Amino acid sequence: MKFIHKLTNWYFSKDALPYWCVFIVDCAIVLGSYLLVFQQFRSGVETLRVLGHLVPTLLLYLVFYIIGFRIFHTYAGILRYSSFTDLQRVFYATLVGGVLTFATHYIIWDHWNLVILTGTEITVSTILATLLLWAERVLVKQLYDTSLPDLHACHTYIYGISSGAIATAKRIRNEKPMQYKLCGFVSGKPEAERFMLMGLRVHPADAHLGEFMKRRNVTHLIVADDCTEQFRKNMPLQDSLISNGIHILITPEAQEWHRGKMKPGAQQELKDVDIEDLLPRSEIQVDMKLIAAQLKGKRILITGAAGSIGSEIVRQIANCDPADMVLVDQAETPLHDIRLMMRNHWPHIKCETIVTTICHPQRMEHIFAEHRPHYVFHAAAYKHVPMMEDNPSESILNNVYGTRLIANLAVKYGVDKFVMISTDKAVNPTNVMGCSKRICEMYVQSLDQAEKNGSIEGHTQFVTTRFGNVLGSSGSVIPLFTKQIKEGGPVTVTHPKIIRYFMLISEACKLVLEAGTHGKGGEIFVFDMGNPVRIADLARRMIQLSGAKDVKIKYTGLRAGEKLYEETLSNKETTKPTFNPKIRIADVRPNDYPTVNAQIDQLLQISKQYNDMDTVAMMKQMVPEFISNNSVFHQLDVEKATTA
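Numbering (our numbering) for the sequence shown: 1103 to 1746.
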């Protein structure tokens, strides 16, 4: 046995046998089959005595089988990776050889003094040769699958019984040295538990699976690429796996929708699941071809181009082959990174990166006059809630003044479409940042309406998009929690009951592009953010996934302006369906342009005095639903209620 083990180790350490070796073995199997059948069918004949006449016959027969081998290239495959397709080719090759042999053996009988086999002997010999050729390939594959045993291979289940799961199972079985030993499958379909798949049991995807796997020393679960959405929705299963220390692996396509398939045999591309992969999100379908058709050849201006959202919009629009891109941001280093990215990945696109603030009127006027953009994607804004709560005047002077300046220039220079990126914090705002974005929404909507009723000359369509937190952004809690876990904790959560909605940056930006290109002007598009996530549960899962020990969660209390949950619509608003089930239109109260514009003038004058109370008081006058939460500005609400 030791000798056989060493032999298989040596054999399989080679890339593959030369094709002529396989060819010679296959020919020997065919000749051996005929000799064996001849001896069995003619037991009264001494084989050695007629061998001189028999060999020329068999060599002639072999030529016909070689023709079949040549047609179907049976010797060109790598035996250790033989599949059903390879066995089919062997069958067709021997069938060709058998038919040619059967058709010509009467000619040999009539003209040559040779030992001739009967039709029955030829048929049986062909069948035997086929079976032996099959057995050769199956045996080599089986030896390969059981050779080079790796004691360190991880016992693994695969989540899913789909085509993606089968493909993943075949890949991990074929990989040498073996990293994962397949022990079973997992399915959320109750009827699937009665079946076997690839000779292995299918287990139920329930809340007891983690404990079940732990008892059987199964340490890993691989999620098939076409089953990730189903897996995301099964929170009890995820909790069971995480709490029992099961390593969850995910395939490349699952990391981001439709980014390509795993390369055959490339199991090193499997990665440990991130917390982003476990959030209960549904795949978002967006017709990027239609979007690309509208943006192709257009001049595009993007403000806040170096930020989390802005930079992703840059990437997605670059794939649409625009004629010209103008990227504006005041953050020099991140914008330089975007500049290098464009040069490396889209060198054919004319792109200009401009370091400036959107509040610089002369510079912005020059940019619009020079580039004459068709589309403006306005992502520049101050977004951090606690920072803006401490700096309300700056929030107004940047967010509101900057937005009004860009919007007015869009009208002046004939921009076709202006897409403003807002936030769910603008709904029933409880903080300065959210209220500043609501005022921006009010202005661009009223400006769009003023164009439509003819009080302002212009044709720019103003579209607003609202969504919540995006995963991986600079303001997301996930990077903060990751840093705190690495430092040994504690992980800080403001409140045990606080919940938030989450979405991938790439998904949010796709919806922005779709809403922006489909909008007719004046709409506020609201994105379906999926199911809300309790932040404390998120922190707990991240700690468990990291494997860190003794990391505690510390509750610090709500920050200034923060509320327990975010809304996408205020109580007075309703929604209407759109072209995409993930996007709805908010039916908000209309705002009169002259009134809003005059109020903003007054607000800006107050903000320049840097009196925080006066600034916020004016904001509350413009947005009556703005009720401060956990903030010094709450006293303004108390005073208003007292005087009412």
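Built from N, CA and C at the ideal position, the CB exists for glycine as well. In this text the structure is predicted, and so the values were computed from the model without any measurement.
Taking only three categories from DSSP, how would you classify residue i?
| i | result |
| --- | --- |
| C1129 | helix |
| G1347 | coil |
| V1442 | At residue 1442 the sequence reads Leu, which differs from the Val that was named. DSSP places L1442 in helix when its eight states are reduced to three. |
| D1714 | helix |
| H1450 | coil |
| Q1357 | Low confidence applies to Q1357: its pLDDT is 43, below 50, so where it sits in the model is not reliable, and the reading given next is rough at best. Reduced to three states, the DSSP call for Q1357 is helix. |
| K1654 | coil |
| D1689 | strand |
| K1678 | strand |
| I1729 | coil |
| I1601 | strand |
| L1660 | coil |
| F1105 | Because the pLDDT of F1105 is 45, which lies under 50, any placement of that residue in the model is unreliable, and the question is left without a value. |
| F1479 | strand |
| A1368 | Confidence is the limiting factor: at A1368 the pLDDT is only 39, short of 50, which leaves the residue's position unreliable and the question unanswerable from this model. |
| T1596 | coil |
| L1403 | strand |
| I1352 | strand |
| H1257 | strand |
| I1218 | coil |
| V1198 | helix |
| L1162 | helix |
| N1500 | helix |
Can you list, in chain order, the residues of its chain whose CB lies under 7 Å from that of residue i, leaving out five sequence neighbours each side?
| i | result |
| --- | --- |
| P1726 | none |
| T1232 | V1192, F1193, T1196 |
| A1368 | Reliability fails at A1368, whose pLDDT of 39 lies under 50, so the model's placement of it is uncertain and no value is given. |
| V1734 | none |
| Q1704 | M1720 |
| P1475 | R1401, I1402, L1403, V1428, V1517 |
| A1552 | I1558, Y1695 |
| I1263 | F1287, S1289, A1294, L1299, V1304 |
| T1458 | V1430, Q1432, R1465 |
Taking residue i as the reference, which of the options has the closest Cα?
| i | options | result |
| --- | --- | --- |
| R1239 | F1125, L1343, R1317, R1144 | F1125 |
| G1763 | G1556, M1631, G1649 | Because residue 1763 is not part of the residues shown, which for the chain are 1103 to 1746, the question remains open. |
| I1729 | D1739, Q1723, F1681 | D1739 |
| G1312 | I1685, S1345, S1185, E1331 | S1345 |
| Y1259 | L1302, L1323, S1578 | L1323 |
| F1604 | L1613, L1442, N1633 | N1633 |
| V1127 | L1156, Y1167, I1352, M1544 | Y1167 |
| L1138 | I1224, Q1711, I1268 | I1224 |
| E1295 | Y1261, D1431, T1594 | Y1261 |
| I1440 | T1458, S1342, S1538, G1412 | G1412 |
| I1393 | V1457, H1561, K1612 | K1612 |
| M1466 | D1431, H1620, V1572, D1492 | D1431 |
| L1437 | N1421, D1689, E1414, G1560 | E1414 |
| S1524 | G1570, V1226, V1457 | G1570 |
| T1584 | R1643, W1236, D1328 | R1643 |
| V1388 | L1499, V1614, I1229 | V1614 |
| V1325 | E1277, G1301, R1275, I1268 | I1268 |
Which first and last residues belong to the beta strand (DSSP E) in which residue i is found?
| i | result |
| --- | --- |
| L1738 | Premise fails: L1738 lies in the alpha helix (DSSP H), 1736–1745, not in any beta strand (DSSP E). |
| Q1563 | 1563–1568 |
| K1519 | 1519–1523 |
| L1511 | Where L1511 is concerned, there is no enclosing beta strand (DSSP E), although the alpha helix (DSSP H) it sits in stretches over 1503–1514. |
| R1303 | 1302–1306 |
| T1458 | Looking at the DSSP string, T1458 is not in any beta strand (DSSP E), and its letter there is neither H nor E. |
Sorted by chain position, which residues of the same chain lie with C-beta nearer than 8 Å to residue i's C-beta, five sequence neighbours on each side aside?
| i | result |
| --- | --- |
| V1546 | T1505, A1509, F1520, M1522, F1564, T1566 |
| E1358 | In this prediction, E1358 has a pLDDT of 41, which is less than 50 and means its spatial position is unreliable; what the coordinates show is noted afterwards. L1606, S1608. |
| G1618 | Y1477, F1479, K1519, V1521, V1565, T1567 |
| G1399 | D1423, P1424, A1425 |
| C1256 | Q1281, Y1282, K1283, T1321, H1322, H1349 |
Could you spell out the range, first to last residue, of the alpha helix (DSSP H) harbouring residue i?
| i | result |
| --- | --- |
| S1265 | 1265–1276 |
| D1426 | Where D1426 is concerned, there is no enclosing alpha helix (DSSP H), although the beta strand (DSSP E) it sits in stretches over 1426–1431. |
| S1289 | No alpha helix (DSSP H) contains S1289, which is instead part of the beta strand (DSSP E) from 1282–1289. |
| R1540 | 1534–1554 |
| T1697 | 1695–1709 |
| V1320 | Premise fails: V1320 is in no alpha helix (DSSP H) and is neither H nor E. |
| V1579 | 1579–1588 |
| T1619 | 1607–1620 |
| T1330 | 1330–1335 |
| V1416 | 1410–1420 |
Please work out which residues of its chain come closer than 6 Å, Cβ to Cβ, to residue i, disregarding the five sequence neighbours upstream and downstream, and give them in chain order.
| i | result |
| --- | --- |
| I1348 | G1312, M1315, L1323 |
| T1203 | Y1163, F1166, I1224 |
| M1103 | Note that M1103 scores 44 on pLDDT, short of 50, meaning its location in the model is unreliable; the coordinates nonetheless yield the value given after this. Hits under 6 Å: none found. |
| A1482 | T1405, G1406, I1460 |
| D1630 | K1684 |
| G1623 | D1550, Q1563, F1564 |
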